[in-house]
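So for the sequence shown, the numbering used here puts the first residue at 52; every next one is plus one.
See structure below.
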Amino acid sequence: MAEQSGIFPSVNGDRRYFTSFFAAYFSDFISNGIYPNPSTQCQVLANNDMTVTLKPGNAYINGYKYINDSDKSLTIETADGVLKRIDRIVLRYTVLNREIKAYVKKGTFASSPVAPTLQRDADMWELGVADIYVNNGAISITQSSITDLRLNNTYCGIVHCVVDQVDTTTIFNQFQAWYAETTAYGTATLNGYLNSYQDSFNTWFQTMRDILDTETATNLLGLINDNTSAIANNTADIIVHTSSIANNNAAVLNYQRKLRMGGM
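Encoded structure:
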């Protein structure tokens, strides 16, 4: 390739430069990545369905700028009933199309899936901003299924100038490890508490049931015996009262006869 230099003033059009020259010029002191402020630039958020939202933000790839000025919805393809998948949200610079756009790079179904590889060559250059874990049978994507890659220099990173970028990959990996460990510990602790409380409740419930069964049976037997005795006593009283009523009825009839006879 012939020597090139620039950018110089043009005299009668003798110093004309292609956009590729400007891109190469700027890429020498501006690195690829997303812009850091605000922190939500090009962040991927779940919508609790089979779509995700790419938040507004700016990015820079090989001397060309990307601008997303509003929420952009991206559709995640249907999950498999058995196998899992990891899709990757990328910002893709396509040389032939002369554009940078966001895409969902679909992963391969597997029992232990891995995210698709980023393409970075003379035809295309991709920044990975998020990985989407698509579980088998999933009907929605939650935020916990999204891994943010923006601070990982291997996949994306932050735009910087002149000096080498501070390597945030270690910090990112440490955070991911801490998050996974903390989540696992919290889940295990919660399950331990739940199991302990369940066992305690079951023991208490069984004890109360045994007590209630014994006491209830005893109380019912006592009530039955009391009622049986009361019924027997009341039966005797009823017989006495029935006899008294019969006698009283006979006496009333005698008085009625006497009254009739006296009236005659």
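Cβ coordinates follow ideal geometry from the N, Cα and C atoms, glycine included.
Can you grab the Cα-Cα spacing for the pair residue i / residue j, in whole Å?
i: Thr-145; j: Ser-247; result: 57 angstroms
i: Ile-127; j: Ile-190; result: 10 angstroms
i: Leu-125; j: Thr-198; result: 16 angstroms
i: Thr-279; j: Arg-260; result: 28 angstroms
i: Ser-90; j: Gln-249; result: 43 angstroms
i: Gly-158; j: Tyr-68; result: 40 angstroms
i: Asn-253; j: Leu-245; result: 12 angstroms
i: Phe-223; j: Asn-203; result: 6 angstroms
i: Ser-195; j: Tyr-230; result: 11 angstroms
i: Thr-233; j: Thr-220; result: 20 angstroms
i: Val-95; j: Tyr-117; result: 16 angstroms
i: Asp-277; j: Thr-258; result: 28 angstroms
i: Ala-239; j: Ser-251; result: 18 angstroms
i: Asn-119; j: Leu-241; result: 41 angstroms
i: Gly-237; j: Gly-243; result: 10 angstroms
i: Phe-226; j: Val-185; result: 22 angstroms
i: Asn-284; j: Asn-270; result: 21 angstroms
i: Ala-161; j: Leu-169; result: 19 angstroms
i: Ala-53; j: Thr-70; result: 18 angstroms
Quick one: grab the DSSP three-state call for residue i.
i: Glu-232; result: helix
i: Tyr-244; result: helix
i: Arg-260; result: helix
i: Met-315; result: Residue placement at Met-315 is flagged as unreliable, the pLDDT there being 45, under the threshold of 50; a coordinate-derived value is accordingly withheld.
i: Asp-65; result: coil
i: Asp-100; result: coil
i: Asn-224; result: helix
i: Ser-196; result: helix
i: Ile-58; result: coil
i: Thr-126; result: strand
Output needed for residue i: all residues of its chain with C-beta closer than 7 angstroms, excluding positions within five of it in sequence on either side, in chain order.
i: Asn-187; result: Ala-130, Asp-131, Gly-132, Val-133, Leu-134 and Lys-135
i: His-211; result: Ser-82
i: Thr-193; result: Ala-97 and Asn-99
i: Lys-152; result: Arg-143
i: Tyr-154; result: Val-141 and Arg-143
Since residue i and residue j are thought to touch, with beta carbons under 8 angstroms apart, how far apart are those beta carbons, to the nearest angstrom?
i: Asn-83; j: Asn-113; result: 7 angstroms
i: Ala-74; j: Cys-93; result: No, Ala-74 and Cys-93 are not in contact; Cβ-Cβ is about 20 angstroms, not under 8 angstroms.
i: Ile-137; j: Pro-164; result: 5 angstroms
i: Asp-316; j: Leu-147; result: Absent from the structure is residue 316, since the part of the chain shown begins at 52 and ends at 315.
i: Lys-123; j: Thr-104; result: 7 angstroms
Apart from the five residues on each side of it in sequence, which residues of its chain come closer than 6 angstroms, Cβ to Cβ, to residue i?
i: Lys-156; result: Arg-139, Val-141 and Pro-167
i: Arg-201; result: Ile-85, Val-180 and Cys-207
i: Ile-100; result: In the sequence under discussion, the amino acid at residue 100 is Asp, which differs from the Ile named in the question. For Asp-100, where only same-chain residues beyond five positions count, the Cβ hits under 6 angstroms are Ser-191.
i: Ser-61; result: none
i: Ile-209; result: Gly-84 and Pro-87
I'd like the list of long-range same chain contacts for residue i, defined as Cβ closer than 8 angstroms, with 5 residues on each side in sequence excluded.
i: Gly-57; result: Arg-66, Tyr-68, Phe-72 and Tyr-76
i: Ser-121; result: Pro-107
i: Glu-150; result: Tyr-144
i: Gln-55; result: Phe-72
i: Phe-256; result: none
Quick check on the burial criterion: 16 or more other C-beta atoms within 10 angstroms. Buried or exposed for residue i?
i: Glu-177; result: buried
i: Phe-115; result: It should be noted that the sequence gives Tyr, not Phe, for residue 115. By the 10 Å Cβ count, Tyr-115 comes out buried.
i: Ile-282; result: exposed
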